[in-house]
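K.L.:
Position in the sequence shown counted from 1, then plus 5, gives you this note's numbering. Positions of the beta carbon are idealized from the N, C-alpha and C atoms, including for glycine. Structure below; questions to follow.
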Amino acid sequence: MIDLYTAPQVRAAEQAAMAGLRPGVLMQRAATGLATVCLGLLGRAHGVRVVLLVGSGDNGGDALLAGALLASRGAQVTAVLLAPDRAHAAGLAALRRAGGRVAAGGETGLERADLVLDGIVGIGGSGGLRDDAVQLVRAATAGPGLLVAVDVPSGVAADTGDVPGAAFPAQHTVTFGAVKTGLLVGAGRQHAGTVHLVDIGLADHLPDPDVRQLTDADVAVHLEAPGPEDDKYSRGVVGVIAGSAGYPGAGVLCTGAALRTRPGLVRYAGTAAEGVRAAWPEAIVTSGRPGDAGRVQAWVVGPGAGTDDAARSVLAEVLGTDLPVVVDADALTLVARHRQLVGDRTAPTLLTPHDREFARLFGDVGPDRVAAARRGAADLGCTVLLKGDATVVADADGTAYVNGTGTPWLATAGTGDVLAGVLGAVLSTGVPPGEAAAVAAHVHGRAGQLAAEEGPLIAGDLVRHLPRTIARLRGSAG
């Protein structure tokens, strides 16, 4: 499990840690960790050309001290000071002692740098970058140097991942003490690149995390192979109401994903029975009302099922049970019109909107995706899985997860139907709804990554890759 924190949480932990340390110790730890990561990325130090983009805060001090350590190893280090009269004095002095230099006369060296360290703005930054910083970021991006952000890329909101203007497009971010939420969600995820965490001694002072992110090993726990005492009913029974005469593929994809994930039995009770029966003879296919399907332990309802009166009646029947329900696609449109269908429930309900569906339910997502998911979950007393480049899951009690897997190739028709089927399969085994949603998003993303290795993917590729994906995840636990 990866714990994510807000800037105020990290600052409070830093203050608590510094109370028992000599002045400057935390910054020196951060700079040493930063320099170590940079050396690992470069493979050597002697003769390497390093440019430091240095702002006026402690973030700039971290960059200067790391630059001094690189210079002492033989790197040619140049600092570009955005606020010369407010640069971190001790860091600047250390850089000069180690043989580093300060750029003068408008020459930055960015056009020939091997490494650029972004120390312009730290976790306290907000809003877009100033014009002088924007020009430097553009020059750094155009140059050949490896782009490394110090703690958080300048221009990225540390708490939310919001990028309101120009921002440093890091290939790597070296963050200190704790991973900041904004590095893994929203536009911040794309600007952060690969995130490296440097331990500076904050662990004993950090509160409960703002958000969590599951690892492969965390997910593998919920994908265990069947034991000798298991049967088809102990492995989870999923009921699927998806697809229609106009969109039979949604039923085929959703049912196939549920079958391929881990349940002992899938019962299909939608109106695309013929297509589902032909594609998946392993499923128990019935036509008619959900009540005719037999015993299930979780329902998935909505993908391609339509929004007419008949579809609303079926949705109301499913939501009238005391079973966990995944509400997806067309069913979300119906819930937006008839919110009491979910608001009156006490059993677990998982809504799976993308941004436009979320807006119809709860208003615009806005710049803070975690806060938006929490707002929606609290509003209807449910679990919200807000789809996106970094999918966010939130429970009504505020517990939240950010998914760390996936690929842009998943932005194609039908992949949401697959996710709904995976989610139903996990939910049917008794996993709490928020964690089930986080597990399903992780599995779905890993399947997308695996399928994309073979080229552009379609939704059916995800279903075919689910067994190998789950086998790999199980292997990670070993």
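For the beta strand (DSSP E) that R54 lies in, which residues bound it at each end?
P.N.:
Segment R54 to V59, the beta strand (DSSP E) holding R54.
K.L.:
Threshold first: 4 residues or longer. Then list the alpha helix (DSSP H) segments lying entirely within the stretch 268-311, N to C.
P.N.:
Runs found: 278-284.
K.L.:
By DSSP, does G325 sit in helix, in strand, or in coil?
P.N.:
Reduced to three states, the DSSP call for G325 is coil.
K.L.:
From the DSSP output, in three-state form, read off G191 for me.
P.N.:
Looking at G191 - three-state DSSP - the assignment turns out to be helix.
K.L.:
Just to check my reading of the structure: A405 and R380 have Cβ atoms closer than 8 Å, yes? What is that Cβ distance to the nearest angstrom?
P.N.:
Incorrect: roughly 11 Å between the Cβ atoms, too far for contact.
K.L.:
What does DSSP give as the partner residues of L406 in its beta bridges?
P.N.:
Per the sequence presented here, residue 406 reads as Tyr, with Leu not at that position. Answer is R217 and V398, bridged to Y406.
K.L.:
What is the DSSP secondary structure of L455, reduced to helix, strand or coil?
P.N.:
Note: L455 maps to helix in three-state DSSP.
K.L.:
What is the residue span of the beta strand (DSSP E) that Q81 lies within?
P.N.:
That run of the beta strand (DSSP E) goes Q81 to L86.
K.L.:
So which of Y10, A255 and G439 has the shortest CA-CA distance to G187?
P.N.:
The residue with the shortest Cα to Cα distance from G187 is Y10.
K.L.:
Closest to P28 by CA distance: which of G38, V389 and D63 is it?
P.N.:
Ranking G38, V389 and D63 by Cα distance to P28 puts D63 first.
K.L.:
DSSP on V436, reduced to helix/strand/coil?
P.N.:
V436 falls in the coil class under three-state DSSP.
K.L.:
So for F181, helix, strand or coil by DSSP?
P.N.:
Three-state result, F181: strand.
K.L.:
To the nearest angstrom, how far is it from the Cα of C43 to the Cα of L415?
P.N.:
In a straight line, the C-alpha of C43 is about 32 Å away from that of L415.
K.L.:
Quick check: what's the CA-CA separation for V290 versus A262?
P.N.:
For V290 and A262, the distance between alpha carbons rounds to 15 Å.
K.L.:
Taking the CB atoms as reference points, tell me whether G311 and D333 lie closer together than 8 Å.
P.N.:
Cβ distance not < 8 Å, so G311 and D333 don't count as in contact.
K.L.:
Which runs of the beta strand (DSSP E), 3 residues or longer, sit entirely within the stretch 84-137?
P.N.:
Runs of the beta strand (DSSP E) inside the stretch 84-137: 120-124.
K.L.:
Quick check on DSSP: helix, strand or coil for V331?
P.N.:
Of the three classes helix, strand and coil, the one that applies to V331 here is strand, per DSSP.
K.L.:
Count the other CB atoms, across all protein chains shown, that sit within 10 Å of the CB of G307; report buried if there are 16 or more and exposed otherwise.
P.N.:
Its Cβ being crowded by 16 or more others within 10 Å, G307 is buried.
K.L.:
In three-state terms, what does DSSP make of V319?
P.N.:
In this structure, V319 counts as helix in the three-state DSSP scheme.
K.L.:
Would you say G160 and V203 are within 8 Å of each other, going by their C-beta atoms?
P.N.:
Not closer than 8 Å, so no.
K.L.:
Buried or exposed: which applies to K392, given that a residue is buried once 16 or more other Cβ atoms fall within 10 Å of its Cβ?
P.N.:
The residue in question, K392, is buried, as its Cβ has 16 or more Cβ neighbours within 10 Å.
K.L.:
Count the other CB atoms, across all protein chains shown, that sit within 10 Å of the CB of T113; report buried if there are 16 or more and exposed otherwise.
P.N.:
Looking at its Cβ environment, which holds 16 or more other Cβ atoms inside 10 Å, T113 is buried.
K.L.:
Pull up the distance between the alpha-carbon of A456 and that of D136, whole angstroms please.
P.N.:
For A456 and D136, the distance between alpha carbons rounds to 42 Å.
K.L.:
Please classify H343: does DSSP put it in a helix, a strand, or coil?
P.N.:
H343: coil per DSSP, three-state reduction.
K.L.:
Can you tell me whether DSSP reads I205 as helix, strand or coil?
P.N.:
Reduced to three states, the DSSP call for I205 is coil.
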